[in-house]
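One line per chain: the protein sequences are D and S, in this order. Taking our numbering, the leading residue of the first sequence gets 2, the next gets one more, and so forth. Taking our numbering, the leading residue of the second sequence gets 2, the next gets one more, and so forth. So the structure is just underneath, and the comments pick up after that.
There are 2 protein chains.
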Amino acid sequence: MQPVLNYLKQNQKRFLAEFGDYLRFASVSAQPEHKKDLLACAEWLVAHGRKIGLDARLCPTAGHPIVIAKTPRKKNSRRPHFMVYGHYDVQPPEPFELWKTPPFEPRIAGRNIFARGATDNKGQNFAHLKAVEAYLQTGTPLPCDVTFVLEGEEEVGSANLSKFLKSHRAELDCEAVVISDTGMPAPDHPALTYALRGIIAFEIILRGPARDLHSGIFGGAVENPAMALAQLLAKVRDDQGHVKIPGFYDGVAPLSKYEREQIKRYPLKDAQLKKLLGAPQLFGERGFTPTEQRSSRPTFEINGLTSGYQGEGSKTIVPAWARAKITCRLVPNQRPAHVRKIVCAWLKKNCPPTVRLEITAGHGAEAYLVPPTSAPAQAALRALEKAFGARPVLMREGGSIPIVNEFKKILGADSLLLGIGLPDDNAHSPNEKFSLDCFEQGQRMSVYLWQELSATDGHR
Amino acid sequence: MQPVLNYLKQNQKRFLAEFGDYLRFASVSAQPEHKKDLLACAEWLVAHGRKIGLDARLCPTAGHPIVIAKTPRKKNSRRPHFMVYGHYDVQPPEPFELWKTPPFEPRIAGRNIFARGATDNKGQNFAHLKAVEAYLQTGTPLPCDVTFVLEGEEEVGSANLSKFLKSHRAELDCEAVVISDTGMPAPDHPALTYALRGIIAFEIILRGPARDLHSGIFGGAVENPAMALAQLLAKVRDDQGHVKIPGFYDGVAPLSKYEREQIKRYPLKDAQLKKLLGAPQLFGERGFTPTEQRSSRPTFEINGLTSGYQGEGSKTIVPAWARAKITCRLVPNQRPAHVRKIVCAWLKKNCPPTVRLEITAGHGAEAYLVPPTSAPAQAALRALEKAFGARPVLMREGGSIPIVNEFKKILGADSLLLGIGLPDDNAHSPNEKFSLDCFEQGQRMSVYLWQELSATDGHR
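Okay, structure coming up:
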């Protein structure tokens, strides 16, 4: 291993220059005028992959192309096979005026590099590319086959990824997918994210009178749909943060002692979280810590309310209707279709006859979990500890990353979420940056990861 | 009286032509480009008043002028003095495309005249002018002095009326103010409106996190202000329509047996009201009929809700804040300042510590009541019955007309609300009209009114 690690050490300066070239592409997938920048970026990745010894090619899709780059392998290789998933597209950089330097002119300041896409996700996938380059360029045998899949539509919903996975199922058949596209809580706290929450989205409209009514002439003799909505929503949750819809928590597995202990090691303290959120106080389901509440417990969240008059001053009406946009975050073992069914049935049952209830279903996604005590998870933890020289934390993420469910469904592969972004990286915000320490430690993590993952049992 | 009534009968054709002239002025007070039309309309009124025998003049204000027109009177007259209040300004006519014929080109169809301002309020005040003309032109002695005050800013809040009343207090000192600017429920149901509801307006904002938060990353560990708002508002009212804020009903006098009997005679049946509103059902405070609920009981009404995301689809956020616009309708004996105080104190007390509550006070107005058994009210009822040949109904109106409180406060005079508009007159809407039957019966009502009012005791 030493030649590989030495190679990394000796080539950081060149890596940084190459990373700068990668960041200069304005690969903004949401903006049609950047279509050629996405293509140029993908072509650069193919050329760069080939230069470092990978078997790389461009795969056109109905949208932006996907880059496949594979380590050289023997026909009928019996080595374990792992996929690295990442994306070369980036969020729109707007508002430009908030950037200290232009978003596509990378700037190094101290131990950080500033540019759109630095942490999300170019820096994180480039660290893996450099680790594999070190194996290939030093002639050190890799204990496994590695295939990079770098897409250009992650920031716009990965619309063409499922079809691509299905049509490349044989080529992408693998033991696990490695994704560095999440975060670690602090520089000395490397992390494995082993669970994600799922989601159901829907909106409800309560309709009362046929039109907005004069509240003086008619108010008092007809239901106010905004009040009916408030009363319906108020019943959903008790004052201890518990959702009262019967069956809502069906199937939710309690956190194991091991998980609760791991979660306790999460370095963001309650006082820091409160300050970060700027709320008068933290509040959540009784019996759980804030970290548990936002990562491991389902929620019923009102995302928006709309009714009646919203302008300046007052307008004396009984509104004709009132609407709430709602999402529920789900945890492993909750089935989105089932939760949607019981929530909608409960709303219908509890809606008063004074208004008509309409429910519009939105998207849904299952929660995700890789058992933290499983062999690949434990292998990943060992790689993290070796690379960072610090005991890693096990994390559940409160958000949803729908593509991991696609990897599981289509390829049958679990995903290992080994994010090396920091909370202050400004992903999706102006002045996005990536830590050069994380970049280097991420390269070492990847080096160790192939060793640790390949050493576990149960491969083909 | 017969010469007066005959004069009316013989001159309807000319009255209609004059009414048409009055309606042709585009006296839209809300639109600055019509300033000259308002002035021209006021000057026409002065000239017309003089022509029919009144002592008329234009009184400039900071806004549009006020017309004063008085019956000729002796110095130190000891006759009772009544004021007729009306307004010559009209609502904006937009949207033009919904008018069958242009709004300022009066059109007679059957027994209706169509034009902006026909019922609100030119037709109603013109009926009084024609009644007084009949007395003056037939040489029939009026039993009282009558002063017309016709303003040009009623549709924009009567901003200059209070100052005008204060500076003309001596000249306008009177027994009662007669206002025909409300409605009667049906052609065969003339009405005296003896009470109006008051109002307090305010808005509340509940602030949680410093900004909208990612509902996946943070949801569950922080209060959702939209949910906190729903729970706070839900507590205000029970499921029988009763406001639960202690003290809210303080001072509310129960309806007398006489009033309840009068209200029962109101011709709009529940089924008709339900159809008119288009609501799934009627709903209001238990123990009161729909007519009572919307005229004689205070309400807590949500006029608007705003929070978080309101666009298409979903946005997975915990909103930073949630807002409700609220008005309470008040009834006689409820003091707006007191109700505002107890409602705000209750909201503060019941708002959870997880959010910060901000309350912004809006306008307020007292309720109004002329005892329906008082001498002037009974005199008005007699005049209505003689003019319409039908037993009048006594009505409470659910809306608020702030100027009646000004008349009481500044002049010490009660207002008699003798509206002769019909529910289908389209006041404030396209194709506004006024019934020619109401116009003629309104003239006769005015003729009888001066007799009946002057015959009551208690004048100076």
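All residues carry an ideal CB built from backbone N, CA and C; glycine is no exception.
Check: Within 8 Å, do at least three Cβ pairs link the segment 357-365 of chain S to the segment 195-212 of chain S?; Outcome: yes
Check: If we cut at 8 Å on Cβ distances, does S/R58 have a partner in chain D?; Outcome: no
Check: Straight-line CA distance for D/F301 to D/C329?; Outcome: 4 Å
Check: Taking all protein chains shown into account, decide if S/Q11 is buried (16 or more other Cβ within 10 angstroms of its Cβ) or exposed.; Outcome: exposed
Check: I need the boundaries of the alpha helix (DSSP H) containing S/F127, first residue and last residue.; Outcome: G124 to T139
Check: Less than 8 Å separating the beta-carbons of S/Q241 and D/A222?; Outcome: no
Check: Suppose you measure from the CA of S/L395 to the CA of S/D213; what does that come to, to the nearest Å?; Outcome: 53 Å
Check: Taking 8 Å as the CB-CB cut-off, is D/M228 touching chain S?; Outcome: yes
Check: Determine the direct distance from the alpha carbon of S/S375 to that of D/E313, and round the result to whole angstroms.; Outcome: 41 Å
Check: Starting from S/G21, trace the alpha helix (DSSP H) both ways and give me its first and last residue.; Outcome: Q13 to R25
Check: Which of the three DSSP states is assigned to S/M2 in this structure?; Outcome: coil
Check: Look at D/D422 and D/T183 and say whether their C-beta atoms are less than 8 Å apart.; Outcome: Before going further, note that residue 422 of chain D is Gly rather than Asp in the sequence given. Result yes, Cβ atoms of D/G422 and D/T183 sit closer than 8 Å.
Check: Select from S/L234, S/K52 and S/C42 the residue whose C-alpha is nearest the C-alpha of S/H65.; Outcome: S/C42
Check: Can you tell which of D/E398, D/C352, D/D174 and D/V157 has its C-alpha closest to the C-alpha of D/R80?; Outcome: D/D174
Check: Are the segment 433-442 of chain D and the segment 119-134 of chain D in contact at 8 Å, needing three or more beta carbon pairs?; Outcome: yes
Check: Enumerate in chain order the residues of its own chain whose CB-to-CB distance from S/Q444 is below 6 Å, with the five nearest sequence positions on each side excluded.; Outcome: L9, A128, K131 and A132
Check: Taking only the alpha-carbon atoms, compute the straight-line gap between D/V68 and D/N161 and give it to the nearest angstrom.; Outcome: 13 Å
Check: By the criterion of Cβ-Cβ separation under 7 Å, what are the contact partners of S/E224 in chain D?; Outcome: A280 and F284
Check: Does DSSP classify D/R1 as helix, strand or coil?; Outcome: Absent from the structure is residue 1 of chain D, since the part of chain D shown begins at 2 and ends at 461.
Check: What does the alpha-carbon distance come out to for the pair D/L46 and D/R112?; Outcome: 25 Å
Check: Note the first and the last residue of the continuous alpha helix (DSSP H) segment covering D/H190.; Outcome: Premise fails: D/H190 is in no alpha helix (DSSP H) and is neither H nor E.
Check: Excluding the five sequence neighbours on either side, which residues of its own chain have a C-beta within less than 6 Å of the C-beta of D/R117, listed in chain order?; Outcome: V91, P94, P104 and E433
Check: By how many angstroms is the C-alpha of S/I114 removed from the C-alpha of S/N427?; Outcome: 12 Å
Check: What residues in its chain sit with their C-beta under 6 Å from that of S/R461, if we drop five residues either side in the sequence?; Outcome: Bear in mind that a pLDDT of 48 at S/R461, under 50, signals an unreliable position, so the number given afterwards is only what the model happens to contain. For S/R461, where only same-chain residues beyond five positions count, there are no Cβ hits under 6 Å.
Check: Would you grab the beta carbon distance between D/L193 and D/L24 for me? Rounded to a whole angstrom, and I think it's under 8 Å.; Outcome: Contact flag wrong, Cβ pair sits at about 27 Å.
Check: Do D/P186 and D/P268 have their CB atoms nearer than 8 Å?; Outcome: yes
Check: Three-state secondary structure (DSSP) at S/C439?; Outcome: helix
Check: Roughly how many angstroms separate the alpha carbons of D/P333 and D/P373, rounded to a whole number?; Outcome: 13 Å
Check: Taking D/P107 as the reference, give the member of D/F26, D/L137, D/C60 and D/A346 with the closest Cα.; Outcome: D/F26
Check: For S/Y195 versus D/G305, is the C-beta distance shorter than 8 Å?; Outcome: no
Check: Taking only the alpha-carbon atoms, compute the straight-line gap between D/E224 and S/T290 and give it to the nearest angstrom.; Outcome: 14 Å
Check: Helix, strand or coil for D/R461, going by three-state DSSP, please let me know.; Outcome: Reliability fails at D/R461, whose pLDDT of 48 lies under 50, so the model's placement of it is uncertain and no value is given.
Check: Shortest alpha-carbon distance to D/H49 belongs to which of D/C60, D/I246, D/E19 and D/N406?; Outcome: D/E19
Check: Of all the options S/H190, S/L143 and S/T120, which has the alpha carbon lying nearest to the alpha carbon of S/I180?; Outcome: S/T120
Check: Whole alpha helix (DSSP H) runs in the segment 313-356 of chain D with 4 or more residues, listed along the chain?; Outcome: 337-351
Check: Starting from S/T300, find everything on chain D with Cβ-Cβ shorter than 8 Å and list it in chain order.; Outcome: S216, G220 and G221
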